[in-house]
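Heads up: the sequence lines are chains A and B, in that order. Here the first sequence is numbered in the working numbering, starting from 1 and rising by one per residue. Here the second sequence is numbered in the working numbering, starting from 135 and rising by one per residue. We put the CB at the ideal spot given by N, CA and C, even for glycine. Structure record follows, encoded as structure tokens.
Protein chains: 2
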Amino acid sequence: MNTTEPTTSPALQVALEYHQAWTTGSIDQALELVATDVVCDAPRGRLTGIEAYRPFLANFQPLVLGYEMISALGDEETAVLVYELHTAPVTSALTCECFTVRDGQIIHNRLIFDQTPHAAATPAPSAPPSPQSS
Amino acid sequence: MNTTEPTTSPALQVALEYHQAWTTGSIDQALELVATDVVCDAPRGRLTGIEAYRPFLANFQPLVLGYEMISALGDEETAVLVYELHTAPVTSALTCECFTVRDGQIIHNRLIFDQTPHAAATPAPSAPPSPQSS
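Here it is, written out as structure tokens:
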């Protein structure tokens with residue numbers, strides 16, 4: 001598919017601008033498209049509010065090496081992006097973001113990916129130091 | 135959203151028929167909408183061909199208790215379904231299926247969900263029997 005084609009979906013327009021911004025490191029620009037009271041359902045649980053969303057995005061972004069867009073579809077209020085995300089720890093991860101958009105801002109993001117490869121790429125925490133015998 | 139609305143996307147029409155069939159146990163009916171040489175990218179890896187796809191679907195289906203459709207979007211050749219899937223082991227799992235459809239059949243399905251809750255719900259295999267000392 002060609003995501004540079006103009007879209008008639010206002011929600012998809014917002015989703016693509018948001019995606020372009022955050023994946024290229026423009027976190028502030030991305031967050032301008034996110035509502036203050038955004039709800040994000042991510043594999044590790046629900047985030048509520050932009051103050052929780054900001055570090056979630058900002059801390060993850062430096063790991064991103066690139067992506068391959070597979071599908072970008074939308075209607076009036078909903079947009080879905082499906083892409084292969086390339087990160088430093090996980091070479092390729094199929095990822096879906098399903099956005100609800102209202103008044104030009106993302107009010108709900110459902111983020112879907114398999115955490116398993118990320119968990120496997122993260123070294124297990126080292127054993128705590130042995131208690132000193134007294 | 136109302137998924138009973140008529141769709142102008144031929145790919146989405148096929149995806150919704152397929153979804154309705156397999157989630158209600160009509161595996162043969164679902165498989166009529168899947169190409170013989172289907173490719174399925176699932177969290178555990180790639181399946182190729184309908185003979186691999188059939189048991190994948192048939193073995194999983196009995197676990198399904200229901201679903202809540204969140205988004206169903208499509209264009210000429212692509213459809214994406216995002217839904218909360220309710221299964222016996224995992225109460226609610228955000229799931230995305232991204233279909234490529236050609237000539238009325240699914241030729242590629244990219245299935246995205248987090249395996250973590252499923253792994254947590256599956257008892258770890260018991261330890262193998264100790265080797266007998268000779």
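Assuming residue i and residue j are in contact, meaning their beta carbons sit under 8 Å apart, how far apart are those beta carbons, in whole angstroms?
i	j	result
Pro-43 of chain A	Phe-99 of chain A	Not really, about 17 Å apart at Cβ, beyond 8 Å.
Leu-199 of chain B	Ala-164 of chain B	Not quite, the Cβ-Cβ distance comes to about 18 Å (not below 8 Å), so this is no contact.
With DSSP as the reference, identify every bridge partner of residue i, one or two as the case may be.
i	result
Asp-237 of chain B	The partner list for Asp-237 of chain B (beta bridge, DSSP) is empty, contrary to what the question assumes.
Tyr-67 of chain A	A:Leu-85
Glu-32 of chain A	In DSSP, Glu-32 of chain A forms no bridge with anything.
Val-214 of chain B	B:Leu-207, B:Cys-232
His-134 of chain B	Here chain B comprises residues numbered 135 to 268, so residue 134 of chain B is not present and cannot be evaluated.
Ser-180 of chain B	Reading the sequence as shown, one finds Arg at residue 180 of chain B and not Ser. Paired residue(s): B:Asp-175.
Ala-227 of chain B	B:Leu-219
For residue i, which residues in the same chain have their Cβ closer than 7 Å to its Cβ, ignoring the five residues on either side in sequence?
i	result
Tyr-187 of chain B	Val-168, Val-172, Cys-174, Leu-181
Ser-134 of chain A	A caution first: Ser-134 of chain A carries a pLDDT of 37, below 50, which makes its placement in the model too unreliable to give a value.
Glu-32 of chain A	none
Thr-137 of chain B	With a pLDDT of only 46 at Thr-137 of chain B, under the threshold of 50, the placement of this residue in the model should not be trusted; the figure read from the coordinates follows. Cβ neighbours of Thr-137 of chain B beyond the five flanking positions: Leu-150, Met-203, Ala-206.
Could you tell me the distance, in whole angstroms, from the CA atom of residue i to the CA atom of residue j?
i	j	result
Leu-81 of chain A	Thr-23 of chain A	13 Å
His-118 of chain A	Asn-59 of chain A	15 Å
Leu-236 of chain B	Tyr-83 of chain A	It should be pointed out that residue 236 of chain B corresponds to Arg in this sequence rather than to Leu. Near 20 Å, if we compare the C-alpha coordinates of Tyr-83 of chain A and Arg-236 of chain B.
Gln-115 of chain A	Val-224 of chain B	16 Å
Cys-230 of chain B	Val-14 of chain A	20 Å
Thr-7 of chain A	Glu-151 of chain B	26 Å
Gly-25 of chain A	Leu-63 of chain A	10 Å
Kindly say whether residue i, judged by its beta-carbon, lies nearer than 8 Å to any beta-carbon of chain D.
i	result
Thr-7 of chain A	This model lacks chain D altogether; the protein chains it does include are A and B.
Determine the closest residue to residue i out of the options, with distance taken between C-alpha atoms.
i	options	result
Gly-179 of chain B	A:Gln-105, A:Gly-104, A:Ala-93, A:Arg-102	A:Ala-93
Gln-239 of chain B	B:Glu-218, B:Tyr-217, B:Glu-210, B:Ala-206	B:Glu-210
His-153 of chain B	B:Ile-184, B:Thr-141, B:Ala-206, B:Ala-222	B:Ala-206
Gly-183 of chain B	B:Ala-255, B:Ala-254, B:Asn-243	B:Asn-243
Glu-202 of chain B	B:Ala-213, B:His-220, B:Thr-212, B:Glu-185	B:His-220
Ala-222 of chain B	B:Thr-141, B:Ala-255, B:Glu-151, B:Glu-166	B:Ala-255
Can you give me the Cβ contacts of residue i inside the same chain, cut-off strictly under 6 Å, excluding the 5 residues immediately before and after it?
i	result
Gly-208 of chain B	Ser-143, Ala-145, Leu-146
Leu-111 of chain A	Ala-42, Glu-97
Ile-204 of chain B	Val-216, Tyr-217
Ala-79 of chain A	Ala-11, Leu-12, Ala-15, Phe-99
I'd like the list of long-range same chain contacts for residue i, defined as Cβ closer than 8 Å, with 5 residues on each side in sequence excluded.
i	result
Ile-161 of chain B	Ala-155, Arg-188, Leu-191, Ala-192, Gln-195
Thr-170 of chain B	Gly-183, Ile-184
Ile-107 of chain A	Ala-35, Asp-37, Val-38, Val-39, Thr-100, Val-101
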